[in-house]
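J.:
In the working numbering, the protein residues as written are 3 to 207.
In structure tokens form, the structure reads like this:
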């Protein structure tokens, strides 16, 4: 199944239910064994996650930094398993831990790009404000008008992420992924297309 950060080995619904019941129980030894199995099952995904992050930030040539990213990513993944209770799918839950660890490494090395440090609410101004001739006074209304005429798929994804009135994010990215039953990478690709669509439309406004 191709789903987020290339190929993610997803657990079946019955397996997820079994994991959830184990973590709700009192058998600590069984929990430890389950975490070990999950770590083995998802390690290729963690490796791919870290590799994609390094490629995105164009640091693949720095072998020392890339190795540090992999090590930090694995650490973040293991930390996530210590707190995992089976309530959501592992890629959505653990992805936050891994991404946080990777960003911390990049910040310490002075490599993290500025836009990674701002909120989604601020990103609208950064991404679209430059296309406006008069700042962002009418930005919300312009984007809303564009999206109301957008293809149905774009509207579904856009308003799953942003409030239809204020365009403020509706919870976290993970919340949106859960609503759309998708991975973080699928979400990223969809939103990238929508961002490009809005930018193109705004140039003709």
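Cβ coordinates follow ideal geometry from the N, Cα and C atoms, glycine included.
In three-state DSSP terms, what is residue 79?
T.: As a working mapping, residue 79 is identified with position 77 in the chain shown. Note: residue 79 maps to helix in three-state DSSP.
J.: Looking at the structure shown, is residue 164 part of a helix, part of a strand, or coil, going by DSSP?
T.: The residue you call residue 164 lines up with position 162 of the chain shown. Of the three classes helix, strand and coil, the one that applies to residue 164 here is strand, per DSSP.
J.: Check whether the Cβ atoms of residue 44 and residue 100 lie closer than 7 Å to each other.
T.: By one-based count along the chain shown, residue 44 stands at place 42. By one-based count along the chain shown, residue 100 stands at place 98. For residue 44 and residue 100, no; Cβs fall outside 7 Å.
J.: For the alpha helix (DSSP H) containing residue 36, list its first residue and its last residue.
T.: Here residue 36 refers to the residue found at position 34 when the chain shown is read from its first residue. Its alpha helix (DSSP H) spans residues 30-58.
J.: Looking only at C-alpha atoms, which of 154, 89, 107 sits nearest to residue 77?
T.: Taking the first residue of the chain shown as 1, we reach residue 77 at position 75. 107 is the residue among 154, 89, 107 whose C-alpha sits nearest the C-alpha of residue 77.
J.: Given 8 Å as the limit, is there contact between the stretch 58-71 and the stretch 20-35, that is, 3 or more CB pairs closer than that?
T.: no
J.: I'd like to confirm the pairing. Which residues does DSSP put opposite residue 93 in its beta bridges?
T.: Position 91 of the chain shown, counted from the start, is the residue given in the question as residue 93. In DSSP, residue 93 forms no bridge with anything.
J.: How about residue 189 and residue 179: are their beta carbons less than 7 Å apart?
T.: What you label residue 189 is simply residue 187 of the chain shown in a count that begins at 1. What you label residue 179 is simply residue 177 of the chain shown in a count that begins at 1. Annotated as proximal: residue 189 and residue 179, with beta-carbon spacing under 7 Å.
J.: Would you report the Cα separation of residue 111 and residue 155, rounded to the nearest angstrom?
T.: Residue 111 sits at position 109 when you count from the first residue of the chain shown. Residue 155 sits at position 153 when you count from the first residue of the chain shown. Distance between the alpha carbons of residue 111 and residue 155 is about 39 Å.
J.: Relative to the C-alpha of residue 58, which residue among 90, 104, 182, 177 is closest?
T.: Along the chain shown, read from residue 1 onward, the residue named residue 58 stands at position 56. Nearest C-alpha to residue 58 among 90, 104, 182, 177: 104.
J.: Measure how close the beta-carbons of residue 203 and residue 148 come, nearest whole angstrom, since I'm counting them as under 8 Å.
T.: Here residue 203 refers to the residue found at position 201 when the chain shown is read from its first residue. Here residue 148 refers to the residue found at position 146 when the chain shown is read from its first residue. 5 Å between Cβ atoms; contact.
J.: For residue 84, which residues in the same chain have their Cβ closer than 8 Å to its Cβ, ignoring the five residues on either side in sequence?
T.: On the chain shown, residue 84 is found 82 positions in, with the first residue counted as 1. Taken in chain order, the residues that qualify are 37.
J.: Assign residue 39 to buried or exposed, taking buried as 16 or more other Cβ atoms, counted over all protein chains shown, within 10 Å of its Cβ.
T.: Residue mapping note: residue 39 aligns to position 37 of the chain shown, counting from 1. Looking at its Cβ environment, which holds fewer than 16 other Cβ atoms inside 10 Å, residue 39 is exposed.
J.: Whose C-beta lies closer than 6 Å to the C-beta of residue 1 among residues of the same chain, with five residues either side of it excluded?
T.: What the structure shows of the chain is the stretch from 3 to 207, and residue 1 is not part of that stretch, so it cannot be assessed.
J.: Could you tell me whether the Cβ atoms of residue 97 and residue 22 are closer together than 7 Å?
T.: Numbered from 1 along the chain shown, position 95 holds the residue referred to as residue 97. Numbered from 1 along the chain shown, position 20 holds the residue referred to as residue 22. Not a contact, by the Cβ cut-off of 7 Å.
J.: Measuring CA to CA, which of 86, 167, 82, 34 is closest to residue 141?
T.: Locating residue 141 in the chain shown gives position 139, where the first residue counts as 1. Looking at the Cα atoms, 167 is the closest of the given residues.
J.: So, at 7 Å on beta carbons, what are the nonlocal neighbours of residue 95 in its own chain, with the 5 sequence-adjacent residues on each side left out?
T.: Within the chain shown, residue 95 is the residue found at index 93, counting from 1. Taken in chain order, the residues that qualify are 82, 86.
J.: Go to residue 174, then tell me how far its alpha helix (DSSP H) extends in each direction, as first and last residue.
T.: As a position in the chain shown, residue 174 is number 172, starting the count at 1. Unbroken run through residue 174: none, as it is neither H nor E.
J.: Quick one: residues in its chain with C-beta nearer than 8 Å to the C-beta of residue 41, no 5 flanking neighbours on either side, listed in chain order?
T.: Walking along the chain shown from the start, residue 41 turns up at place 39. Contacts found: 79, 80, 83.
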